[in-house]
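Working notes, structure below.
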Amino acid sequence: NAGVTQTPKFQVLKTGQSMTLQCAQDMNHNSMYWYRQDPGMGLRLIYYSASEGTTDKGEVPNGYNVSRLNKREFSLRLESAAPSQTSVYFCASSTRMAGELFFGEGSRLTVL
Amino acid sequence: GENVEQHPSTLSVQEGDSAVIKCTYSDSASNYFPWYKQELGKRPQLIIDIRSNVGEKKDQRIAVTLNKTAKHFSLHITETQPEDSAVYFCAASIFGGIQGAQKLVFGQGTRLTINP
Numbered sequence: 434n435a436g437v438t439q440t441p442k443f444q445v446l447k448t449g450q451s452m453t454l455q456c457a458q459d460m461n462h463n464s465m466y467w468y469r470q471d472p473g474m475g476l477r478l479i480y481y482s483a484s485e486g487t488t489d490k491g492e493v494p495n496g497y498n499v500s501r502l503n504k505r506e507f508s509l510r511l512e513s514a515a516p517s518q519t520s521v522y523f524c525a526s527s528t529r530m531a532g533e534l535f536f537g538e539g540s541r542l543t544v545l
Numbered sequence: 004g005e006n007v008e009q010h011p012s013t014l015s016v017q018e019g020d021s022a023v024i025k026c027t028y029s030d031s032a033s034n035y036f037p038w039y040k041q042e043l044g045k046r047p048q049l050i051i052d053i054r055s056n057v058g059e060k061k062d063q064r065i066a067v068t069l070n071k072t073a074k075h076f077s078l079h080i081t082e083t084q085p086e087d088s089a090v091y092f093c094a095a096s097i098f099g100g101i102q103g104a105q106k107l108v109f110g111q112g113t114r115l116t117i118n119p
């Protein structure tokens, strides 16, 4: 039982490059989320998916796109990375009826 | 949208003493208030949560109180131990909507240090 798995764990990009962060959960959860964590700013919601086939914007969606590939997988794409997107990214999932978010280990992204 | 303010940003207490972290929220429709603990280099993990129909909830040495009128909620840790050292985040959301997902808005975090 792996829980929530994110890849890659570390990535360095140059400004303008693109990349996709992958997330998969094996807990049969309906809802999945992408957060970014920056020092002194807590966790901010980028995008979320209430259920397979739906996605919606969070607090800071600009510069990102997401895909809910199936019930297990939710990917986050940076089309043209900017230094302001340097952050730690967390994927999370939850059931429809319970509040607890289960987080992945995080992906540290540096954009030069 | 919802806005959550958390204070203090850092807190240092002696081992065995109590620690209190406070949060305020802006959206009176919010009905779910969890607290997460994040140890250095680790993922956030839920430690306790409270729903708006309850004023207080306890789990061993930790407790959360909620004042809906003032839109305040607080985390209380008693008899602190070195393993309580971590960053703590409060959050608020409207839970139970039609789609079932929640848009949790987090506070800025409190770095708690327990001094031996």
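Chains as they are written, first to last, in my numbering: chain V, 434 to 545; chain X, 4 to 119. Glycine included, C-beta positions come from ideal geometry on N, C-alpha and C. The structure presented is a predicted model; accordingly, all values stated were derived computationally and were not measured.
Contact check, residue i vs residue j, beta carbons under 8 Å
i: Tyr468/V; j: Ala525/V; result: yes
i: Gly436/V; j: Gln111/X; result: no
i: Arg54/X; j: Ile80/X; result: no
i: Gly532/V; j: Asp52/X; result: yes
i: Val499/V; j: Arg477/V; result: no
i: Thr113/X; j: Val16/X; result: no
i: Leu454/V; j: Gln439/V; result: yes
i: Glu8/X; j: Asn118/X; result: no
i: Leu49/X; j: Ala89/X; result: no
i: Phe507/V; j: Met465/V; result: yes
i: Ser520/V; j: Gly449/V; result: no
Buried or exposed (CB count within 10 angstroms, at least 16 for buried), residue i
i: Thr13/X; result: exposed
i: Ala73/X; result: exposed
i: Met460/V; result: exposed
i: Phe36/X; result: buried
i: Ala32/X; result: exposed
i: Leu545/V; result: exposed
i: Arg501/V; result: buried
i: Leu43/X; result: exposed
i: Phe443/V; result: exposed
i: Val121/X; result: Residue numbering for chain X in the displayed model covers 4 to 119; residue 121/X lies beyond these limits and cannot be assessed.
i: Asp20/X; result: exposed
i: Val445/V; result: exposed
i: Ser152/X; result: Because chain X in this structure spans residues 4 to 119, residue 152/X falls outside the shown range and cannot be described.
i: Lys61/X; result: exposed
i: Arg510/V; result: exposed
Below-8 Å beta-carbon distance, residue i vs any chain V residue
i: Gln17/X; result: no
i: Lys60/X; result: no
i: Lys106/X; result: yes
i: Gln111/X; result: yes
Minimum Cβ-Cβ distance from residue i to chain X less than 8 Å
i: Asn449/V; result: One point to set straight first is that residue 449/V is Gly, not Asn, in the sequence displayed. Not closer than 8 Å to any Cβ of chain X, the Cβ of Gly449/V fails to qualify, so no.
i: Glu506/V; result: no
i: Gly496/V; result: no
Selection of the segment 32–52 of chain X by Cβ proximity to chain V, strictly under 7 Å | Residues Tyr35, Pro37, Arg46, Pro47, Leu49 and Asp52.
Would you mind listing the beta strand (DSSP E) stretches within the segment 24–77 of chain X that are 3+ residues and don't spill past its ends, in chain order?
-> For the segment 24–77 of chain X, whole beta strand (DSSP E) runs of length 3 or above, ordered along the chain, are 35–41, 48–54, 59–62 and 65–70.
Name the residues in the segment 473–490 of chain V whose C-beta lies less than 9 Å from a C-beta of chain X; which are they?
-> Within the segment 473–490 of chain V, contact with chain X at the beta-carbon level (separation under 9 Å) is assigned to Gly473, Met474, Gly475, Leu476, Arg477, Leu478, Tyr481, Ser482, Ala483, Ser484, Thr487 and Asp489.
If you scan the segment 451–530 of chain V from start to end, which runs of the beta strand (DSSP E) of 3 or more residues do you find wholly inside it?
-> Runs of the beta strand (DSSP E) inside the segment 451–530 of chain V: 452–458, 464–470, 476–482, 497–501, 507–511 and 520–527.
The segment 60–80 of chain X: which residues have C-beta closer than 7 Å to a C-beta of chain V, in chain order?
-> Going along the segment 60–80 of chain X in chain order, one finds no residue with a Cβ nearer than 7 Å to chain V.
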